[in-house]
Amino acid sequence: ETGVTQSPTHLIKTRGQQVTLRCSSQSGHNTVSWYQQALGQGPQFIFQYYREEENGRGNFPPRFSGLQFPNYSSELNVNALELDDSALYLCASSLNPTDTQYFGPGTRLTVL
Amino acid sequence: AQSVTQPDIHITVSEGASLELRCNYSYGATPYLFWYVQSPGQGLQLLLKYFSGDTLVQGIKGFEAEFKRSQSSFNLRKPSVHWSDAAEYFCAVGEASGTYKYIFGTGTRLKVLA
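Chains as they are written, first to last, in my numbering: chain A, 38 to 149; chain B, 456 to 569.
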């Protein structure tokens, strides 16, 4: 059974640019949640996708957007990057929206 | 608002010693509680979870946690720490208001002395 995978592992962007991060969910899981983990902090919830629809959102601005595809993989897009967007971005998949979340290894984004 | 507090930012123990990591939560209903471990440069690995029933929960790698409703706590324990346990540990509560999401504490970094 394949676990949650994320790509790329690391990414360096400059302020104002746009970035797309990718996540493949665990086999059989139809829900993907995205979290931002700033240095020295716990992860903070960005949003969740369930069966290709956004299923809830945390306190993040609209320049953070996402997609979920028919195979339940997902993308996180961030527009107009700011220095404070530098963080580890974690994707988690679950069997359904209220089931246990299993996390991927994360994508480390650095904004210069 | 729901919250999770991990009072200890850093903990250092000797290999073979016992370990207890503290977690306090604020949540109106019966909480879903989790402990995750994060090694440097890695994602989060689930150690154990509590949904209901027996308040003493066994997890992987020899860890256990006890849910105490009266103290709003869910402390993680291990009787004998191994050098490979050095990592950051996160406690989380599952919040079901609207979207089901996890609220994480700020983590406890564990250092193990040989």
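We put the CB at the ideal spot given by N, CA and C, even for glycine.
is_contact[residue i, chain A] using C-beta, thresh 8 Å
i: residue 513 of chain B; result: no
i: residue 457 of chain B; result: no
i: residue 417 of chain B; result: Because chain B here runs from 456 to 569, residue 417 of chain B falls outside it and cannot be looked at.
i: residue 485 of chain B; result: no
i: residue 542 of chain B; result: no
i: residue 522 of chain B; result: no
i: residue 467 of chain B; result: no
Rounded Cβ spacing between residue i and residue j (contact assumed at less than 8 Å)
i: residue 533 of chain B; j: residue 473 of chain B; result: 7 Å
i: residue 498 of chain B; j: residue 141 of chain A; result: 5 Å
i: residue 112 of chain A; j: residue 59 of chain A; result: 6 Å
i: residue 558 of chain B; j: residue 457 of chain B; result: 5 Å
i: residue 77 of chain A; j: residue 132 of chain A; result: The Cβ separation is near 31 Å, so there is no contact.
i: residue 137 of chain A; j: residue 504 of chain B; result: 6 Å
i: residue 545 of chain B; j: residue 103 of chain A; result: 23 Å between Cβ atoms; not a contact.
i: residue 87 of chain A; j: residue 127 of chain A; result: No, residue 87 of chain A and residue 127 of chain A are not in contact; Cβ-Cβ is about 18 Å, not under 8 Å.
With 16 other Cβ atoms within 10 Å as the buried cut-off, status of residue i
i: residue 506 of chain B; result: exposed
i: residue 134 of chain A; result: buried
i: residue 51 of chain A; result: exposed
i: residue 475 of chain B; result: exposed
i: residue 39 of chain A; result: exposed
i: residue 83 of chain A; result: buried
i: residue 511 of chain B; result: exposed
i: residue 122 of chain A; result: buried
i: residue 89 of chain A; result: exposed
i: residue 562 of chain B; result: buried
i: residue 513 of chain B; result: exposed
i: residue 54 of chain A; result: exposed
i: residue 61 of chain A; result: buried
Beta carbon of residue i nearer than 8 Å to that of residue j
i: residue 542 of chain B; j: residue 492 of chain B; result: yes
i: residue 92 of chain A; j: residue 85 of chain A; result: yes
i: residue 147 of chain A; j: residue 46 of chain A; result: no
i: residue 130 of chain A; j: residue 56 of chain A; result: no
i: residue 479 of chain B; j: residue 527 of chain B; result: yes
i: residue 49 of chain A; j: residue 149 of chain A; result: yes
i: residue 495 of chain B; j: residue 548 of chain B; result: no
Short CB-CB distance (under 8 Å) between residue i and chain B
i: residue 135 of chain A; result: yes
i: residue 105 of chain A; result: no
i: residue 143 of chain A; result: yes
i: residue 126 of chain A; result: no
i: residue 65 of chain A; result: no
i: residue 97 of chain A; result: no
i: residue 139 of chain A; result: yes
i: residue 54 of chain A; result: no
i: residue 45 of chain A; result: no
i: residue 92 of chain A; result: yes
i: residue 73 of chain A; result: no
Is the region 511-525 of chain B touching the region 98-108 of chain A in the sense that three or more CB pairs, one from each, lie closer than 8 Å? no
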